[in-house]
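Residue numbers (the UniProt record's numbering): 1 to 278. No residue lacks a Cβ here, since even glycine has one placed at the ideal position from N, Cα and C. Report on the structure given below.
Here it is, written out as C-alpha cells:
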C-alpha cells in the first residue's frame, strides 16, 4: 500500500478518518493525500470571468488556511501528507481523483443526514462507496490506535463476489490481520442445506484461489434470522475489529444484502466497515 486518500471537510468526523489513515500509513509506510472538495456554487461559476476568478482564489486561500490548522496534528508526524483542493461538486468524482493518484485506499469519516447512527442514509459516504473502484473504509468515531487483528468478510459466495473477496484478502494480508469468512444461512426461501452451502463455498474458493481450498477452513456458516444479525453475532464470536462487505457499482451494496441491509450493517456496526467493489 502506497497511497491513502482522505476526503476532508474540516469536521470532527474527517479528523477521525485522518487519524485512522495516519495509523495505516505508519504501518504501511504509505503517504496520505488529503482532499478538500471546494464545490463552488453555480452562482459563483456563472459570474463574469474576473469576478469568478477572484472569488475562486478567495475560497481556495481560505481552504489552504484551514488546511494549515487542520493538519497540525502530532499523529501526522513522520508521514508524507499532500494537500489538494479541487472544485468537485459531486462525490462520485472522488473515484477519478483516486485513479489519477493511484490511490490504494479511501478513508472517510461519516455523518449522515440523521446523525452518526445513520451514516449511509443520503450521505456523501454512500455515494463514494457506490462509485469507488478502490476499497472505502468508513470511520464513524474516534479510534486512537487502529490495529486490525481479526477481519471479517461477509458475502453469499456467488461467483460475482470473487473480485471483492480477492481485494479484501490482499488488504487484510497487508494489515497482518486474520481473515474470517462468513456465510449467513437464513430460514425460509433462502435456506440452504449443509451440502448446498459446502458446494457453493468450495466452488467459489476453487475459482477465487486458483484451486486452493485452504481458506475453506476459515469459512463459518452462521444460521440466523437476518443477514445483519448473523454478521453481527459472528463478529462477536471472533472479536472482529473490522467488517468487509462487497459493493455493486451502480446499485451500491451487493445483492447479498437485499434492500437496505448493507446500509444497515454500515450504519449499525460498532466496528469500522470497509467496502470492496465487485
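Residue 36 (DSSP reduced to helix, strand or coil): strand
Backbone CA spacing between residue 21 and residue 76 [nearest angstrom]: 9 Å
Same chain only: Cβ atoms within 7 Å of residue 17, ignoring 5 sequence neighbours per side: 6, 107, 108, 109, 139
Bounding residues of the beta strand (DSSP E) (the contiguous stretch that carries residue 83): 81-86
Sequence-distant residues of its chain with Cβ nearer than 7 Å to residue 278 (five each side left out): 160, 161, 163, 164, 246, 247, 248, 254
Paired residues, beta bridge with residue 245 - DSSP: 275
DSSP state of residue 230 mapped onto helix, strand, coil: helix
Alpha-carbon to alpha-carbon, residue 31 and residue 102: 11 Å
Closest residue to residue 13 among 174, 142, 240 (Cα-Cα distance): 142
Element boundaries [alpha helix (DSSP H), containing residue 6]: Per DSSP, residue 6 belongs to no alpha helix (DSSP H); it is in the beta strand (DSSP E), 3-7.
Paired residues, beta bridge with residue 211 - DSSP: None, per the DSSP bridge assignment.
Helix, strand or coil at residue 22 according to DSSP, with G and I counted as helix: helix
Which of helix, strand or coil DSSP assigns to residue 58: helix
Backbone CA spacing between residue 167 and residue 276 [nearest angstrom]: 7 Å
Residue(s) in a DSSP beta bridge with residue 177: Its beta-bridge partners do not exist; DSSP assigns none.
Endpoints, the beta strand (DSSP E) within which residue 105 is located: 105-109
Which listed residue (62, 33, 182) has its alpha carbon closest to that of residue 323: No statement about residue 323 is possible, as the shown extent of the chain runs from 1 to 278 and does not include it.
Three-state secondary structure (DSSP) of residue 216: helix
Beta-carbon spacing of residue 231, residue 184 below 8 Å: yes
Neighbourhood of residue 95 by C-beta, 7 Å cutoff - its chain only, sequence neighbours within 5 removed: 131, 132, 133
CA-to-CA distance, residue 58 to residue 176, given in whole angstroms: 45 Å
Close Cβ partners of residue 179 (< 7 Å) along its chain, the five nearest in sequence each way excluded: 151, 153, 169, 172, 218
Length of the line joining the Cα atoms of residue 187 and residue 201: 18 Å
Alpha-carbon spacing of residue 35 relative to residue 189, whole angstroms: 46 Å
Selected residue, minimal CA-CA separation from residue 61, among 86, 73, 81: 86
Through-space distance from residue 79 to residue 1, alpha-carbon basis: 14 Å
Of the listed residues 65, 74, 3, nearest to residue 19 (C-alpha basis): 74
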